[in-house]
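Trainee:
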Amino acid sequence: EVIAEIVIASVLFTLGVVGNGLVCFVIHKTKFTQSSMYFFMLNLAYADLLVCFVSIPLTVFSTLPAPVFTNFPNIPCKLVRFIQYALPPASVAILTATCVDRYFHICVPFKNIITTSFTKKMAAFCWIFSLLLTIPNFYLIETRKVLYEGQVVEFCAIRETSSDYSFGNGYLVARGLIGFAVPLGVVCFLYYKIVARVWNSKGANINSRNRQRLNVIKSLLTVVVAFTLSWTPFSVTNKILLFDKNREMITGAEIITFWVGLSASVYNPWIYAFYNKNFRQ
Numbered sequence: 372e373v374i375a376e377i378v379i380a381s382v383l384f385t386l387g388v389v390g391n392g393l394v395c396f397v398i399h400k401t402k403f404t405q406s407s408m409y410f411f412m413l414n415l416a417y418a419d420l421l422v423c424f425v426s427i428p429l430t431v432f433s434t435l436p437a438p439v440f441t442n443f444p445n446i447p448c449k450l451v452r453f454i455q456y457a458l459p460p461a462s463v464a465i466l467t468a469t470c471v472d473r474y475f476h477i478c479v480p481f482k483n484i485i486t487t488s489f490t491k492k493m494a495a496f497c498w499i500f501s502l503l504l505t506i507p508n509f510y511l512i513e514t515r516k517v518l519y520e521g522q523v524v525e526f527c528a529i530r531e532t533s534s535d536y537s538f539g540n541g542y543l544v545a546r547g548l549i550g551f552a553v554p555l556g557v558v559c560f561l562y563y564k565i566v567a568r569v570w571n572s573k574g575a576n577i578n579s580r581n582r583q584r585l586n587v588i589k590s591l592l593t594v595v596v597a598f599t600l601s602w603t604p605f606s607v608t609n610k611i612l613l614f615d616k617n618r619e620m621i622t623g624a625e626i627i628t629f630w631v632g633l634s635a636s637v638y639n640p641w642i643y644a645f646y647n648k649n650f651r652q
């Protein structure tokens, strides 16, 4: 199992670093950063690179055989969980900001709302939002001694007291709603409005501008769908297992679904290349 996990991690790491590194290179080289949409895509690539360089290695380490956790310090335990859980909300927030940007550019084109300054503030808010949303982990998560396969080991888990456990479960459910479900619901609604607007204008005037808009929408929708399909299994599994008070260690279902979620950091560059000729060139 450990070897298989290391192989999967190596593949995801390589594909993610190469793909997202190329996205950053292309956007910087072609001055696409002057475009609000490409600026958000750049921030999403940064988030995916952080997943590759930080979250993937930490995930491998945190799911190694139990002896690794012996005398595992409390502060690194908190930091590992903080980083692992801060990055997905950042990606969701950036995807939502990208959708809002496209909505105003396509559906409200005569109002100059999305300025360069506003775009940078939105991107900064996405990162700050994800950090603030994850701060309670520093209080809730600690190194606990648990029984694992006949031996006592130390493991990162929610505090043992019933009040902390109840608060922790409530917080994790709220974080799932605020950092995942609600933003993706907003994204679905706005993309529905965008597609309806472009489709109606397409019926009246099929030109290169509309075709370009459709390609952009298709690529962004594909990114959102890929991200949602990747992280939904872990989100659902995690929320179901929250209410199992007898569970002490990470389950196999959580490990598998978390790796599926991490794979979302690999897809985006190839989606851009498929739909966008600028990236292919």
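One rule links them: number in the working numbering = place in the sequence shown (from 1) + 371. Just so you know, even glycine gets a beta-carbon here, dropped at the ideal spot from N, CA and C.
Would you grab the beta carbon distance between L633 and I427 for me? Rounded to a whole angstrom, and I think it's under 8 Å.
Mentor: To locate residue 633, count along the sequence shown from 1; it is residue 262. To locate residue 427, count along the sequence shown from 1; it is residue 56. Rounded, the Cβ-Cβ distance is 6 Å, consistent with contact.
Trainee: Let me make sure I understand the geometry here. Which of G392, V382, I379 has the alpha-carbon closest to that of P640?
Mentor: As a first step, residue 640 is located in the sequence shown; it is residue number 269 there, counting from the start. Comparing Cα-Cα distances from P640 to each of G392, V382, I379, the minimum goes to G392.
Trainee: On the criterion of 16 or more Cβ atoms from any shown chain inside 10 Å, does G390 qualify as buried, or is it exposed?
Mentor: Sequence index remark: in the sequence shown, residue 390 carries index 19 (1-based). Buried, by the Cβ-count rule.
Trainee: To which residues of the same chain is F560 closer than 6 Å at the C-beta, ignoring the five residues directly before and after it?
Mentor: Counting from one through the sequence shown, the residue named residue 560 turns up at place 189. There are no such residues.
Trainee: By a C-beta neighbour count over all protein chains shown, 10 Å radius and 16 as the cutoff for buried, is W570 buried or exposed?
Mentor: If you number the sequence shown from 1, residue 570 lands on position 199. By the 10 Å Cβ count, W570 comes out exposed.
Trainee: Within a Cβ cutoff of 7 Å, which residues of the same chain sit near I477, ignoring the five residues on either side of it in sequence?
Mentor: Here residue 477 refers to the residue found at position 106 when the sequence shown is read from its first residue. Around I477: I565, R568, V569, R584.
Trainee: How far does the alpha helix (DSSP H) with I642 in it extend, from its first residue to its last?
Mentor: On the sequence shown, residue 642 is found 271 positions in, with the first residue counted as 1. It spans 635-646 - the alpha helix (DSSP H) in which I642 sits, taken as one unbroken run.
Trainee: Below 8 Å on the Cβ atoms is my guess for S606 versus F551; work out the distance and round it to an integer in Å.
Mentor: Within the sequence shown, residue 606 is the residue found at index 235, counting from 1. Within the sequence shown, residue 551 is the residue found at index 180, counting from 1. That belief holds up - the Cβ atoms of S606 and F551 are roughly 6 Å apart, short of 8 Å.
Trainee: Please report the straight-line C-alpha distance between F645 and V594, rounded to a whole angstrom.
Mentor: For this step, residue 645 is matched to residue 274 along the sequence shown. For this step, residue 594 is matched to residue 223 along the sequence shown. Answer to the nearest angstrom: the Cα atoms are 12 Å apart.
Trainee: Go through its chain and collect everything with a Cβ distance to L458's Cβ below 8 Å, but skip five positions before and after it.
Mentor: Stepping through the sequence shown from its first residue, residue 458 is reached at position 87. The residues are A418, L421, V422, V425, S426, S501.
Trainee: Between N414 and C470, is the Cβ-Cβ spacing less than 8 Å?
Mentor: As a working mapping, residue 414 is identified with position 43 in the sequence shown. As a working mapping, residue 470 is identified with position 99 in the sequence shown. Their beta carbons are not under 8 Å apart, which means N414 does not touch C470 by this criterion.
Trainee: If you compare alpha carbons, which of D472, I506, N540, V553 is closest to K451?
Mentor: Counted from its first residue, the sequence shown places residue 451 at position 80. A small fix is needed here, since residue 451 is Val in this sequence, not Lys. Here the closest residue by C-alpha is I506.
Trainee: Following the continuous alpha helix (DSSP H) through I446, name the residue where it begins and the one where it ends.
Mentor: Here the question's residue 446 lines up with position 75 in the sequence shown. Run containing I446: 445-478, per the alpha helix (DSSP H) assignment.
Trainee: Assign I485 to one of three DSSP states: helix, strand, or coil.
Mentor: The count along the sequence shown starts at 1 and reaches residue 485 at position 114. I485 falls in the coil class under three-state DSSP.
Trainee: What's the C-alpha gap between I549 and V378?
Mentor: In the sequence shown, residue 549 corresponds to position 178, counting from 1. In the sequence shown, residue 378 corresponds to position 7, counting from 1. Distance between the alpha carbons of I549 and V378: 33 Å.
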